[in-house]
Amino acid sequence: MLKTHSCGELNKKLVGAEVELAGWVDRRRDHGGLIFIDLRDREGIVQVVFNPEIAKAGHEIASEMRNEYVVSVSGEVALRPPGTENPKLPTGEVEVIARNTAILNPSATPPFYINEDTEVDEALRLRYRYLDLRRARMQTNLLLRHRVVKFIRDFLDARGFVEVETPILIKSTPEGARDYLVPSRIHPGKFYALPQSPQQLKQLLMVAGLEKYFQIAKCFRDEDTRADRQPEFTQLDLEMSFVEQEDILNLIEELLTAMVQSVKPELRVMKPFPRLSYAEVMERYGTDKPDLRFGLEIRDLTDIVAQSDFSVFRSAVAEGGKVKGIYAPGCANYTRSQLDELNELAQSLGAKGLLTISLGSSAGSLEDLTMEMVRSVAAKYLTLNQVKEIARRLGANIGDLLLVIADQTELVNTVLSELRQEMGRRLELAEPDQLAFAFVVDFPLLQREGKTGRWGPMHHPFTRPRDEDISLLDSTPEAAHSWHYDVVCNGYEIGGGSLRIFTSELQRKVFRLLGYSDSDVDGLFGHLLEAFDYGAPPHGGIALGLDRMVMLLAGEENIREVIAFPKNQNAADLTLNAPWPVTEEQLAELHLSLREEK
Ligand code: ASP
Numbered sequence: 000m001l002k003t004h005s006c007g008e009l010n011k012k013l014v015g016a017e018v019e020l021a022g023w024v025d026r027r028r029d030h031g032g033l034i035f036i037d038l039r040d041r042e043g044i045v046q047v048v049f050n051p052e053i054a055k056a057g058h059e060i061a062s063e064m065r066n067e068y069v070v071s072v073s074g075e076v077a078l079r080p081p082g083t084e085n086p087k088l089p090t091g092e093v094e095v096i097a098r099n100t101a102i103l104n105p106s107a108t109p110p111f112y113i114n115e116d117t118e119v120d121e122a123l124r125l126r127y128r129y130l131d132l133r134r135a136r137m138q139t140n141l142l143l144r145h146r147v148v149k150f151i152r153d154f155l156d157a158r159g160f161v162e163v164e165t166p167i168l169i170k171s172t173p174e175g176a177r178d179y180l181v182p183s184r185i186h187p188g189k190f191y192a193l194p195q196s197p198q199q200l201k202q203l204l205m206v207a208g209l210e211k212y213f214q215i216a217k218c219f220r221d222e223d224t225r226a227d228r229q230p231e232f233t234q235l236d237l238e239m240s241f242v243e244q245e246d247i248l249n250l251i252e253e254l255l256t257a258m259v260q261s262v263k264p265e266l267r268v269m270k271p272f273p274r275l276s277y278a279e280v281m282e283r284y285g286t287d288k289p290d291l292r293f294g295l296e297i298r299d300l301t302d303i304v305a306q307s308d309f310s311v312f313r314s315a316v317a318e319g320g321k322v323k324g325i326y327a328p329g330c331a332n333y334t335r336s337q338l339d340e341l342n343e344l345a346q347s348l349g350a351k352g353l354l355t356i357s358l359g360s361s362a363g364s365l366e367d368l369t370m371e372m373v374r375s376v377a378a379k380y381l382t383l384n385q386v387k388e389i390a391r392r393l394g395a396n397i398g399d400l401l402l403v404i405a406d407q408t409e410l411v412n413t414v415l416s417e418l419r420q421e422m423g424r425r426l427e428l429a430e431p432d433q434l435a436f437a438f439v440v441d442f443p444l445l446q447r448e449g450k451t452g453r454w455g456p457m458h459h460p461f462t463r464p465r466d467e468d469i470s471l472l473d474s475t476p477e478a479a480h481s482w483h484y485d486v487v488c489n490g491y492e493i494g495g496g497s498l499r500i501f502t503s504e505l506q507r508k509v510f511r512l513l514g515y516s517d518s519d520v521d522g523l524f525g526h527l528l529e530a531f532d533y534g535a536p537p538h539g540g541i542a543l544g545l546d547r548m549v550m551l552l553a554g555e556e557n558i559r560e561v562i563a564f565p566k567n568q569n570a571a572d573l574t575l576n577a578p579w580p581v582t583e584e585q586l587a588e589l590h591l592s593l594r595e596e597k
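Residue numbers are given in numbering that gives the first Met the number 0: position 365 of the sequence shown equals residue 364, and the series is strictly consecutive.
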């Protein structure tokens, strides 16, 4: 090695030691006689002093050094002169008195500061990702990610799980997204699909008798990129035989709790993780991935206002919709423009409008409320009793602001869920150091698919219906529930899984329900149905989004911050500049020709 120590490990105990260091120039200060270099490597930063009286040649070389030059230094560790210690730096009590030094490689002036955590345009960061990754924040994130993966491997190994790699060139696995396709050279006109997940393969591993499988698996879904979504992402994928739902939930609860404890002990986790039914979270939070760090729960007000004189309420109810609301503590004084902002948010999500009801100005007990204190366009249509009942249902008092939406149930839920999130943010209700994990369970088996109106799986087609609901599949499939569960945390879905169907008969039945013809099923999934006929054990599993998990642990708000080389919002890799055109020869080999875009 060109170094005996890393910069970050030097401390008082090493005073007097001769060390060799190598790294990057983080900063250089020329104080006339002395030159100070902050030398940085992965483990930290240490101050190096070049004194012309101790090392003349070294001092001359140091005067050539600029930020991001790669240099080596040898010298003696010394205590800094009293009064010059830097308590902000872990190595701040010491410095290295340089004797020899060399510039191993100069650097062009970087397009942004490496030594400062300043805002930099993301396109620039991604283009020069290797420089961006040199910055402290990204180094910390990548190291954290490494520790998470290492923890997972050790944890599961200790519990009898076997890591098995599954192929990347496979046949489409339906997880509800568009596939990335790879044309076959050897089989003209045929395509591999990149796995949306290793779902079918891990199930086949259960048929194969592996019993406990896991993998840190790359998954590919051709969907629009978002803050918490990438075209290619990583899952902790696992599957177990001979299990019931609680076995898997307990394992995941233990894994996540122990992981946080190990890699980020300063974060707080509530244990046991609540198990909430899908119906319950939709009712209370309007979403299946609620942020449970704060209350502001949604309440149904339909029964209170159905008979009111306010036409907005009456018509929503007449059309089969609902009136629901939340309250914002202490926000009765919101200005017109603050209320307009909330209204715009509601409208951008599809609501016709947001009804706000301000209760007085300063805080007080609901008993003292008078109609004069109520500010709302609906005020003249509501009685004092109705307003009080609404407020009581929402848990509000004088001084609070009520946010009410009247519309079709689904829309009401969506809008109130976002408003709840927004008020949580504005009022800083969520503790930043808390991870509020929960399991959402008891999902319906099916949902109507947006575009076609056909039945689609709520999770995926391999999810096992609840035993007692199997008979409903023939009569009222929409009423059937399944053994599907999600893990949520702080408003994100961080994973999902299910117990699986393990007989070909039931699997065929579910495929038929989903509108597949028998011949499609044989073509697309024949391998799995056949495997089920050779002694498939009961099994189930789950997949956790590794990127999202690390994002939450790192306190980041975008998964790109915890992925070394992510795609940008436009699904492009700006570091390598992909996608990129291919030659006519390459296309011809693949039996492809490009269509003119109209
Ligand atoms: N394959 C599923 C997914 O990617 C997870 C599972 O059911 O285990 O969401």
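Each residue gets a CB set at the ideal place from its N, CA and C atoms; glycine is no exception.
By Cβ distance below 6 Å, which residues in the same chain neighbour residue i in space, the five residues on each side in sequence not counted?
| i | result |
| --- | --- |
| residue 389 | 300 and 303 |
| residue 332 | 360 |
| residue 386 | 373 |
| residue 594 | none |
| residue 105 | 68 |
| residue 520 | 510 |
| residue 27 | 36 and 64 |
If you follow the beta strand (DSSP E) that residue i is part of, which residue opens it and which one closes it?
| i | result |
| --- | --- |
| residue 27 | 17-30 |
| residue 75 | 69-78 |
| residue 36 | 33-40 |
| residue 336 | Here residue 336 belongs to no beta strand (DSSP E); instead the alpha helix (DSSP H) covers 335-347. |
| residue 106 | Careful: residue 106 lies outside any beta strand (DSSP E) and carries neither H nor E. |
| residue 357 | 354-358 |
| residue 43 | 43-49 |
Have a look at the options and flag the residue whose alpha-carbon is nearest the alpha-carbon of residue i.
| i | options | result |
| --- | --- | --- |
| residue 513 | 540, 444 and 567 | 444 |
| residue 113 | 121, 99, 101 and 132 | 132 |
| residue 46 | 75, 40 and 93 | 93 |
| residue 177 | 422, 406, 31 and 220 | 220 |
| residue 346 | 383, 403, 376 and 17 | 403 |
| residue 367 | 398, 454, 310 and 207 | 398 |
| residue 589 | 190, 89 and 64 | 190 |
| residue 313 | 381, 517 and 567 | 381 |
| residue 62 | 33, 577 and 243 | 33 |
Indicate whether residue i and residue j have their beta-carbon atoms separated by less than 8 Å.
| i | j | result |
| --- | --- | --- |
| residue 320 | residue 411 | yes |
| residue 484 | residue 414 | no |
| residue 481 | residue 470 | no |
| residue 536 | residue 241 | yes |
| residue 1 | residue 72 | no |
| residue 109 | residue 123 | no |
| residue 230 | residue 570 | yes |
| residue 44 | residue 70 | no |
| residue 523 | residue 506 | no |
| residue 150 | residue 5 | no |
| residue 147 | residue 258 | yes |
| residue 494 | residue 295 | no |
| residue 355 | residue 383 | no |
| residue 460 | residue 173 | yes |
So the alpha helix (DSSP H) residue i belongs to, where does it begin and stop?
| i | result |
| --- | --- |
| residue 150 | 135-157 |
| residue 538 | Looking at the DSSP string, residue 538 is not in any alpha helix (DSSP H); the run it does join, the beta strand (DSSP E), is 538-544. |
| residue 419 | 408-425 |
| residue 317 | 310-317 |
| residue 387 | 383-393 |
| residue 292 | Careful: residue 292 lies outside any alpha helix (DSSP H) and carries neither H nor E. |
| residue 510 | 503-512 |
Would you please state the rounded distance, in angstroms, between the beta carbons of residue i and residue j? I believe it to be under 8 Å.
| i | j | result |
| --- | --- | --- |
| residue 192 | residue 170 | 6 Å |
| residue 326 | residue 393 | 4 Å |
| residue 420 | residue 290 | 6 Å |
| residue 362 | residue 396 | 7 Å |
| residue 428 | residue 266 | Not a contact, Cβ separation roughly 17 Å. |
| residue 237 | residue 160 | 7 Å |
| residue 324 | residue 292 | With 8 Å as the limit, residue 324 and residue 292 do not qualify as a contact, their Cβ atoms being about 21 Å apart. |
So, at 7 Å on beta carbons, what are the nonlocal neighbours of residue i in its own chain, with the 5 sequence-adjacent residues on each side left out?
| i | result |
| --- | --- |
| residue 85 | 91 |
| residue 234 | 196, 216, 218, 542, 543, 544 and 545 |
| residue 163 | 204, 209, 212 and 214 |
| residue 57 | 49, 97, 98, 99 and 100 |
| residue 574 | 125, 126, 128 and 564 |
| residue 76 | 9, 13, 14, 15, 16, 18, 93 and 95 |
| residue 407 | 320 |
| residue 287 | 277, 280, 281, 439 and 485 |
Quick one: residues in its chain with C-beta nearer than 8 Å to the C-beta of residue i, no 5 flanking neighbours on either side, listed in chain order?
| i | result |
| --- | --- |
| residue 139 | 553 |
| residue 561 | 140, 141, 143, 144, 546, 549, 550, 553 and 555 |
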